[in-house]
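**Q** Each residue of the sequence shown is one higher than the one before, starting from 66 at the first, in the working numbering.
Backbone N, C-alpha and C fix where the C-beta goes; we use that ideal spot for every residue, glycine too.
Everything numeric in this text was worked out from a predicted model, so none of it was measured.
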Amino acid sequence: MFAISTNACIHDHEILAYTVPSWLRVFGDKLSSISIVVDSDAPTGRIASRRDIQSNRAALQQCLLNLTSADSRVHLAALEEIPLEVLSRKWFGEVIPARCQAGTPILAFVSAFEAAAAPLVLRADCDMLFYERGWLSRACEILLNDEADLVEPPRCGFTGGNDTSISSRALIMKPAGFSSRCLPIKACRLDWLRRLHRRLHGRNTLIALEGMLEVQRRRGRLKRLILDRSLGCSIHVIDRRLSPSDWFEAIVKRIERGDLTRAQYETDWNFARAAW
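Spelled out as structure tokens, the structure:
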């Protein structure tokens with residue numbers, strides 16, 4: 066059995082209502098729990114400028130209540146109640162801000178990796194959907210045999226190899242092994258010119274977590290594998306305007322069955338509305 070952890074912000078209520086039930090259907094009794102790390106602070110940086118998101122704390126709380134009531138495997142953890150300084154020192158050797166300079170979570174992502182009490186953890190963005198036809202078993206085998214530190218599910222439309230950069234959208238790890246072999250990692254920052262610009266505007270200078278992990282990979286300090294799309298796929302639903310709708314609910318269930326259009330396979334890892 067394995068666990069899924071994700072993090073949710075105050076604009077994620079609509080997409081969570083689709084993805085969490087989908088994960089429960091796709092993975093069934095292989096899934097021990099789903100942990101949702103909730104960050105209730107307002108979005109910042111590039112994330113705050115997106116026009117397709119609407120912050121709504123009340124709607125998020127109602128969505129989370131619905132999810133936890135529907136299945137006892139769904140658990141919540143408030144980011145403000147997590148000892149972030151301790152976690153930050155464990156992962157980075159120093160205390161860093163909760164988000165990168167663009168507003169993408171760092172400590173919420175890290176907290177999600179640590180939130181699940183399971184030997185293997187899939188940390189997925191809350192807007193990820195999956196078609197599973199063997200990639201989970203293969204990922205578990207790789208991690209239990211210590212053949213890699215991180216494994217990515219297959220990406221829809223992706224034909225490249227393992228030389229491509231790490232993405233934090235969906236990563237499976239064995240937390241015990243990763244902690245002993247790979248932590249702490251370096252809290253990497255922007256180049257000096259962009260650091261100066263961010264400091265002049267009162268912003269931090271950290272890059273995203275996936276960028277930090279990629280630096281470690283390139284330096285040979287961790288090994289990541291991306292699984293082949295013959296074993297299924299993952300899809301990133303970036304546009305929140307797709308939900309709620311009956312049309313999108315039907316599409317979610319098609320993705321779970323692997324009933325994807327050719328255009329979606331050929332277009333991109335991101336969900337392409339025009340492809341359906």
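#1: Since I believe residue 215 is in contact with residue 176 (beta carbons under 8 Å), could you give me their beta-carbon distance rounded to a whole number of angstroms?
#2: Please report the distance separating the alpha-carbon of residue 152 from that of residue 245.
#3: Are the CB atoms of residue 300 and residue 334 within a distance shorter than 8 Å?
#4: With the cut-off set at 8 Å, would you say residue 166 and residue 258 are in Cβ contact?
#5: Determine the burial state of residue 278: buried for a count of at least 16 other Cβ atoms within 10 Å of its Cβ, exposed for fewer.
#6: Where are the alpha helix (DSSP H) runs, 4 residues long or more, that stay fully inside the region 226-309, in chain order?
#7: Report yes if the CB atom of residue 321 is closer than 8 Å to the CB atom of residue 90, and no otherwise.
#8: Going by Cα to Cα distance, which pick from 181, 159, 274, 292 is closest to residue 222?
#9: If we count Cβ pairs, one from each stretch, closer than 8 Å, do we get three or more for the region 233-253 versus the region 200-212?
#10: Give the straight-line distance between the Cα atoms of residue 265 and residue 178, rounded to the nearest whole angstrom.
#11: Suppose you measure from the CA of residue 234 to the CA of residue 297; what does that come to, to the nearest Å?
#12: How many angstroms separate the CA atom of residue 327 from the CA atom of residue 194?
#13: List, from N- to C-terminal side, the beta strand (DSSP E) runs of 3 residues or more that fit wholly inside the region 147-202.
#14: To the nearest whole angstrom, what separates the beta carbons of residue 181 and residue 70, a pair I think is in contact under 8 Å?
#15: How many Å lie between residue 126 and residue 120 at the Cα?
#16: Can you give me the Cβ contacts of residue 122 inside the same chain, cut-off strictly under 7 Å, excluding the 5 residues immediately before and after it?
#17: Return helix, strand or coil for residue 120, following the three-state DSSP convention.
#18: Restricting to Cα atoms, I'd like to know which of 147, 132, 146 is closest to residue 140.
#19: Am I right that residue 238 and residue 186 are in contact with their C-beta atoms under 8 Å? What's the rounded C-beta distance?
#20: Reducing DSSP to helix, strand and coil, say where residue 331 ends up.
#21: Quick check on the burial criterion: 16 or more other C-beta atoms within 10 angstroms. Buried or exposed for residue 295?
#22: Residue 319 to residue 312, Cα distance in whole Å?
#23: Please return the same chain residues whose Cβ sits closer than 6 Å to the Cβ of residue 204, not counting the five positions on each side in sequence.
#24: What's the call for residue 78, buried or exposed, on a 16-neighbour Cβ count within 10 Å?
#25: DSSP three-state call for residue 78: helix, strand or coil?
**A** Inspection of the coordinates gives the following:
#1: The C-beta separation of residue 176 from residue 215 comes to about 17 Å, leaving the pair out of contact by the 8 Å criterion.
#2: One C-alpha to the other measures close to 15 Å.
#3: yes
#4: no
#5: buried
#6: 240-247, 257-265, 274-283
#7: yes
#8: Of the listed residues, the one whose Cα sits closest to residue 222 is 292.
#9: yes
#10: 33 Å
#11: 16 Å
#12: 17 Å
#13: 186-189, 193-197
#14: 5 Å
#15: 12 Å
#16: 75, 105
#17: coil
#18: 132
#19: 6 Å
#20: helix
#21: exposed
#22: 11 Å
#23: 216, 237
#24: buried
#25: helix
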